[in-house]
Each structure stands twice: as C-alpha cells, then as structure tokens.
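Following: one structure in structure tokens, then a few remarks.
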Amino acid sequence: MKEINCPECGKVFEIDATGFSKILKQVRDDEFHQELKKRLELAEKDKAKSIELAEKNIKIQMQASSTNKDSRIQGLEAQLEASEIEKTLAITQAKSLVEKERDALAYKLERINESSEAAQKLAINEAVSEFQKEQAELRSSLQRTELEKQLAEKSLKEKYEIQIKDRDEAIERLRDMKTRLSTKMIGESLEQHCETEFNRIRATAFPHSYFEKDNDSSAGSKGDYIFRDLTDIGTEIVSIMFEMKNESSSTSTKKKNEDFLKELHKDRNEKGCEYAVLVSLLEPGSDLYNSGIVDVSHRYPKMYVVRPQCFLPIITLLRNASLKSLEYKSELALIKAQNIDITNFEQSLDVFKSAFDKNYSLASRRFETAIHEIDKSIDHLQKTKDALLGADRNLRLANDKAQEVTVKKLTKHNPTMASKFEDLRSKNAA
Numbered sequence: 079m080k081e082i083n084c085p086e087c088g089k090v091f092e093i094d095a096t097g098f099s100k101i102l103k104q105v106r107d108d109e110f111h112q113e114l115k116k117r118l119e120l121a122e123k124d125k126a127k128s129i130e131l132a133e134k135n136i137k138i139q140m141q142a143s144s145t146n147k148d149s150r151i152q153g154l155e156a157q158l159e160a161s162e163i164e165k166t167l168a169i170t171q172a173k174s175l176v177e178k179e180r181d182a183l184a185y186k187l188e189r190i191n192e193s194s195e196a197a198q199k200l201a202i203n204e205a206v207s208e209f210q211k212e213q214a215e216l217r218s219s220l221q222r223t224e225l226e227k228q229l230a231e232k233s234l235k236e237k238y239e240i241q242i243k244d245r246d247e248a249i250e251r252l253r254d255m256k257t258r259l260s261t262k263m264i265g266e267s268l269e270q271h272c273e274t275e276f277n278r279i280r281a282t283a284f285p286h287s288y289f290e291k292d293n294d295s296s297a298g299s300k301g302d303y304i305f306r307d308l309t310d311i312g313t314e315i316v317s318i319m320f321e322m323k324n325e326s327s328s329t330s331t332k333k334k335n336e337d338f339l340k341e342l343h344k345d346r347n348e349k350g351c352e353y354a355v356l357v358s359l360l361e362p363g364s365d366l367y368n369s370g371i372v373d374v375s376h377r378y379p380k381m382y383v384v385r386p387q388c389f390l391p392i393i394t395l396l397r398n399a400s401l402k403s404l405e406y407k408s409e410l411a412l413i414k415a416q417n418i419d420i421t422n423f424e425q426s427l428d429v430f431k432s433a434f435d436k437n438y439s440l441a442s443r444r445f446e447t448a449i450h451e452i453d454k455s456i457d458h459l460q461k462t463k464d465a466l467l468g469a470d471r472n473l474r475l476a477n478d479k480a481q482e483v484t485v486k487k488l489t490k491h492n493p494t495m496a497s498k499f500e501d502l503r504s505k506n507a508a
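Just so we're on the same page, the numbering used here is the position in the sequence shown counted from 1, plus 78.
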C-alpha cells in the first residue's frame, strides 16, 4: 500500500502500487498534454505575432521606399521562414524533452513496480522530486523564453513605431509643401527640373543644341520648351516641342494627358518642330504611362508622352534616330539649295516678264486711248470743217443775193421810195 498526502488539506490516502502507478501515469499524461498544449498555443501565438509584425513591416517598408520593396519583402519572408523553423524546432525540442521525461518516468515506475516497497517509496519520491525539479526548470525556461520574446517584440514594435512616425512626419511635410504650392509653381518646378537635367549634360552630349523656353505667343498659344540640335555646318538634326504638365495632389479636378495633346500638336506645327513630347506627372496611377515612353502617334503624328525620368532618354533616342537620316537630309538640303537657285532665277524672270507685260499693257492701253482721242479730234475737226464749209456756202449765196440787189428792184413795188430816189438822183445831177 502507498500513502499519498493531499497538498491542499494534508489528508493521507492509502493506495496500492497499481492504482498509484495509474494515477501517476494519468497525472504525467495530463501534465504532458497540458504542457504540450501550452507550448503549441504559445508557438501559435508567437507565430501569429511574428506574422503580424512581418506584415506590418512589409507594409511599412513598401510605403517607405518602393525602390527596395522587393529585397525587403524577401528579407521579411526569410525572417518569417527562419521564425517558422525556429518555432518548429522549439516545439520539436519541447515535445522531445517531454517525451524523454515521460519515458524516464515510465522506466522508473517499472522499476518501482519491480522493487520492494521501501525501494518503491524511495524511487517514487526521487521520481516525483526529479519530475518537479525538471518541471520547475521547464517553467523557468519557458518564462525566460517568453520574457526574451516579449523584449524582442517590444524592441521591434518600438523600432517600427519610430519608423512609422518618421514616415508619417515626412509624408505630412510633403503634403503641407504640396498644399502650399500653387499649380503654376508645381508646373514651374517640373520645368526647372527638366532644364537642370538637360544643362547638366549639354556640354558633353549636345554641344550644338538649342534648348530654350518658347516665348513666342503671337499665334495665341505657345509650348514650354523647344529643342533643336544642329551639325557643325548648321544642318538641323532634330527638333522637338516640349510641354511639361504637373498638378497638386490636393487638386479636386484631375486632368488627363489626353487633354493637352491637341494643343501640343498645334504648337508643334506653328513652331515648325518635327516631334512633340509631353513630359507629364498626371495620372500617377496609370500603368500605361508608368511603363516608360508611350507612343501616341495614333492620335497625332510623331508625338510621345513620358515621365520626367525619361526626359533625357527620349531626346537621345530621337536624336540618334535622326542622325541615321542626316546624310539624306544633307543631300536633300543641297538639292533644295540648287532648286532654290533655279527657283530664284525663274522667279526673277517671271518678275521681269510680269513687269514688262504690265508696262506693255499700260503703254498699249495709252496708245489706244491716244488713237481714240485723235479719232475723236479728227471727227470733231471734220464736223468743224463741214460747219465752216456750210457757212462759206451760205455766205456765198448771201453775197450773190447781195450782188443782185438794185435800187430798181428795191423800189419796184414802192412808189414812195422810188420818188425819193428819183429826187435824190435829180439833186445829185444838178
């Protein structure tokens, strides 16, 4: 028979070796399962916390810097895998330790059953003492592990909280700065960025180029910048009309790149540029425009939309493409110059012929006018001549009639006058 003291009330119970063995086995199995269950729960909680921390870390790293997000995600995945392996090893070790304790206790109980009553008591006491000692060590080890885990979690939490706080402050500063900037200032900042980037490599890459703001608004509108690259002899290699577009993130009405293509095409044609490029920060979430250089020639010929980081590459690509046709352009320019000489000669000849024809026509019209006036004068003189001839004829008839007048004819039917003339004649005779 075995005696067992109740740890709560101090009462003594007697039990045989078989019952004691069963109770001990039950206690041992219960404690083993409880301990294993606690270990598994702790491992699951630890795993959940690790996953949660890793997810937070991934989100923070993705928001903080998009350029190194892949490497950080891989590092976090490696940490998660290492954490998973560590938890698996810890569970395996704990399980192995408990199984070893169980096997050792079973072995001791078998020895107790085979030994004498005194030896059984001694072995039981030693087993219980050793089990309690191992249990205390296990609890102490679990407490240390839990404490270390808590400290590590607290350290990681504080570290990520600081990073989150710094990121939020940086974001807030950027938002405040963007809010203070007007739309014009934002656009000018993009223009200034592009001009600075170009001037940085102008001396080495584009020594004979022209890149200045378009200040000619005589046609009603103007672009932002005009780029022209020339050879040593002045032959144009390529010409590009640039338009820079940006807007504040707080702007309620969002513009699209499509809204500015028609005006850019018009400005390009008015300024005689071969290509047109829209450097834009509009539609920041568009996968199309974020993919690189976008060819919109299906809408307007020789037109592209790029992000600011593609500003220099698009100039280089278009310039290199135009260099291949430079020889043809030179030959075309020579032929064009020859054609211009021929055209100038033909134009001069046409001007001479036109002036001669004009003077000839004017002289001919005046000659006809003079002839017409002479004919009119001749006709007038003829009429005058006829009038004079008629007057002469009338005078001759009048003279003839005057010569035919006599005193006899005058007094023929006038006796008074006849007597008067007779008296006058008599007086003259006396």
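Idealized CB from N, CA, C, for every residue including glycine.
Under DSSP, residue 306 shares a beta bridge with 288 and 317. Taking C-beta separations shorter than 8 Å and ignoring five residues to either side along the sequence, the partners of residue 342 in its chain run 301, 319, 321, 354, 356, 378 and 381, following chain order. Counting only the Cα atoms, residue 439 lies some 12 Å from residue 447. Residue pairing by DSSP leaves residue 218 without any beta bridge partner. Looking at 361, 490 and 273, the one whose alpha-carbon comes closest to that of residue 331 is 361. Residues of the same chain with their beta carbon placed closer than 6 Å to that of residue 280 are lacking, with the five preceding and five following residues left out of the count. Contact fails between the stretch 399 to 416 and the stretch 369 to 378, because fewer than three Cβ pairs, one in each stretch, are under 8 Å apart. Judged by DSSP in its simplified three-state form, residue 337 adopts helix. Between the alpha carbons of residue 284 and residue 413 lies a gap of roughly 27 Å. Residue 367: member of the alpha helix (DSSP H) spanning 365 to 368, first to last residue. In this model, residue 314 and residue 247 are separated by some 50 Å (Cα to Cα). Around the C-beta of residue 437, fewer than 16 other C-beta atoms lie within 10 Å, and the residue is accordingly described as exposed. Residue environment: residue 288 is assigned as exposed (fewer than 16 neighbouring CB atoms within 10 Å of its CB, all protein chains considered). DSSP places residue 358 inside the beta strand (DSSP E), whose first and last residues are 353 to 358. The secondary-structure analysis by DSSP pairs residue 382 across a beta bridge with 355 and 373.
Collapsing the DSSP output to three states places residue 349 in coil. If you draw a straight line from the Cα of residue 390 to the Cα of residue 282, it is about 13 Å long. Burial state of residue 449 is exposed, judged by a 10 Å Cβ sphere holding fewer than 16 other Cβ atoms. A distance below 8 Å between beta-carbons, with the five flanking residues on each side excluded, links residue 224 to the following residues of its chain, in chain order: 120. Here residue 505 is not bridged, per DSSP, to any residue.
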